[in-house]
Amino acid sequence: MAVADFSQIRRSEHLPARIAAEISREISEGRIAPGQKLPTEHLLAKTFGVSRSVVREAIAQLRNEGLVETRQGIGAFATEIERRQSIRIEQGNLSDPDSFRSLFQLRMALEVEAAGLAAIHHTLDDLAKLDEALAQMTGAEKWTEQGIVADLAFHRLVASATRNEYFLQFISFIAERIHVAINAARATAILEEIVEITIAEHVAIRDAIATRDPAKAKKVMRYHLEGAASRLNLQLEMQ
Numbered sequence: 001m002a003v004a005d006f007s008q009i010r011r012s013e014h015l016p017a018r019i020a021a022e023i024s025r026e027i028s029e030g031r032i033a034p035g036q037k038l039p040t041e042h043l044l045a046k047t048f049g050v051s052r053s054v055v056r057e058a059i060a061q062l063r064n065e066g067l068v069e070t071r072q073g074i075g076a077f078a079t080e081i082e083r084r085q086s087i088r089i090e091q092g093n094l095s096d097p098d099s100f101r102s103l104f105q106l107r108m109a110l111e112v113e114a115a116g117l118a119a120i121h122h123t124l125d126d127l128a129k130l131d132e133a134l135a136q137m138t139g140a141e142k143w144t145e146q147g148i149v150a151d152l153a154f155h156r157l158v159a160s161a162t163r164n165e166y167f168l169q170f171i172s173f174i175a176e177r178i179h180v181a182i183n184a185a186r187a188t189a190i191l192e193e194i195v196e197i198t199i200a201e202h203v204a205i206r207d208a209i210a211t212r213d214p215a216k217a218k219k220v221m222r223y224h225l226e227g228a229a230s231r232l233n234l235q236l237e238m239q
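Just so you know, full-length UniProt numbering puts 107 at position 107 of the sequence shown, and the rest follows in order with no gaps.
Quick look at the structure:
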C-alpha cells in the first residue's frame with residue numbers, strides 16, 4: 001500500500017494534534033479513501049519522525065472526531081463518509097479566550113461527574129492502568145511532551161472507568177484540545193513546580209477513585225481542574 005505524502009512535523013508544535021491534522025487533511029482531500037486502512041503505527045511514526053505513542057494519540061483524536069475507526073488487531077481505517085460525526089472544534093478557534101473558557105467549563109462538568117462514576121464502577125484493571133499512566137507522568141520523561149501525553153491518557157482512563165462510552169468519547173475529544181493549555185501552563189510557570197503540583201493532583205484523583213467514594217473523587221477532580229484553570233488565568237464562573 002502506498003504511504004500518504006505526509007510532511008515532516010515541527011517539534012515545536014503539539015505533535016499529536018499536528019499529526020492528526022495532517023492525516024485528517026489526507027482523508028478530507030481523498031488521498032486516504034473512505035474505508036481505506038491507514039499506514040501502521042510503526043510506519044507513521046517513522047514517516048513523521050516521532051514515537052509510536054505520539055501516533056497513537058493522534059489516531060485517538062481522529063477516532064474521537066469520527067474520522068477514523070480502529071479494529072482490534074487489524075489497524076485504523078478511514079471512516080465511511082455516511083458514518084462520520086459532524087461535531088468538530090478547530091484548534092484555531094480556541095485562540096479566542098471566551099471559546100477556550102467555554103470548552104474548559106464543559107470539561108469541568110464532564111470530568112467531575114466522570115470521577116464520581118469511576119469511583120463506583122472501576123475495576124482493579126482500571127486502577128492498574130491509572131498507575132501505569134502515573135508512572136509515565138512521574139518518570140524521566142515527565143518534563144517532556146511524553147509527560148503531557150501520559151497526563152491526557154490518565155484522564156481518558158478515568159473516563160473509561162465510568163463504563164459509559166459517551167463520557168469516554170466526549171472527554172477524549174475535549175482532552176485533545178486541552179493539550180495546548182497544558183503546554184501554555186508549562187510555558188508560563190516554573191516547570192519543576194507546576195509538574196510536581198500536577199502529579200500530586202493526579203495521584204489524589206487515583207487514590208480517591210480507589211476508595212470507591214464518589215463524593216471524594218468528584219471533590220479532588222474539581223480541585224485539580226480548578227487548579228489547572230487558575231494556572232491559565234481562567235475564570236470559570238461555575239458553582
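Ideal placement from N, C-alpha and C gives every residue a C-beta, glycine not left out. Given the structure is predicted, the values throughout are model-derived calculations rather than measurements.
Item	Value
For Ala228, the residue or residues it bridges with in DSSP	BP columns for Ala228 are empty, so no partner.
Residues that Val68 bridges to, as DSSP identifies them	Ala78
Selection from Glu237, Tyr223, Leu234 and Ser230 that minimises the alpha carbon distance to Glu113	Tyr223
CA-to-CA distance, Asp207 to Leu110, given in whole angstroms	19 Å
Given Ser160 as reference, the closest of Asp125, Ala135, Gln146 and Ile194 once Cα atoms are compared	Asp125
Cβ-based burial, Pro39 [other Cβ within 10 Å; buried from 16]	buried
Of the listed residues Val55, Pro34, Leu106 and Lys37, nearest to Ile171 (C-alpha basis)	Leu106
beta-carbon Ala217 near the ligand ZN non-hydrogen atom, thresh 8 Å	The ligand ZN is not among the ligands present in this structure, which contains no ligands whatsoever.
Alpha helix (DSSP H) segment containing Leu127, residue limits	Leu124 to Thr138
Nonlocal neighbours in the same chain, by C-beta distance under 7 Å from Ser51, ignoring five residues either side	Ala45
Per-residue DSSP class, three states only, for Phe6	In this prediction, Phe6 scores a pLDDT of 46, lower than 50, which makes its location untrustworthy; no coordinate-derived value is stated.
Continuous alpha helix (DSSP H) stretch holding Arg101: start and end	Pro97 to His121
For Lys219, the residue or residues it bridges with in DSSP	Its beta-bridge partners do not exist; DSSP assigns none.
Rounded separation between Gly147 and Ala133 - CA only	9 Å
Own chain residues within Cβ distance below 7 Å of Ala229, not counting five before or after	Phe104 and Leu236
Whole-number beta carbon distance between Leu157 and Ala175, since they are thought to touch under 8 Å	Not quite, the Cβ-Cβ distance comes to about 11 Å (not below 8 Å), so this is no contact.
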